[in-house]
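In this note's numbering, the protein residues as written are 4 to 95.
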């Protein structure tokens, strides 16, 4: 089982996503935030299940339209970023 670590930038992405959605629908914000967090944590069991994104990085879109980008090095998974699929990757 791999260890999952959240980069501070990824946690900031998660919190800002929740805060934005919460303005319109607090229950949806809670659901999406929980799903995104659980998705990241589930990488402990299956770290290579996302799509290759260059080098050791991978991406998952299991909570559309959000993309979770992470890095795998041996038994360490680092969640790097969460972004809305409509945003350009370099806009993070």
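Yeah, the Cβ is synthetic: ideal placement off N, Cα and C, and Gly gets one too. This structure is a prediction, so every number in the text was calculated from the model and none was measured.
Using the C-alpha atoms, what's the distance from residue 57 back to residue 34?
-> Position 31 of the chain shown, counted from the start, is the residue given in the question as residue 34. Position 54 of the chain shown, counted from the start, is the residue given in the question as residue 57. About 30 Å.
Local conformation of residue 60 per DSSP, three classes = If you number the chain shown from 1, residue 60 lands on position 57. In this structure, residue 60 counts as strand in the three-state DSSP scheme.
Buried versus exposed call for residue 86 [16 or more other C-beta atoms within 10 Å across all chains shown] | Here the question's residue 86 lines up with position 83 in the chain shown. Buried is the call here.
Touch check for the segment 44–52 and the segment 19–32: three-plus C-beta pairs under 8 Å?
-> no
Candidates 88, 6, 83: which alpha carbon is nearest residue 15's?
-> Here residue 15 corresponds to residue number 12 of the chain shown, with the count starting at 1. Residue 83 is the option with its Cα nearest to residue 15.
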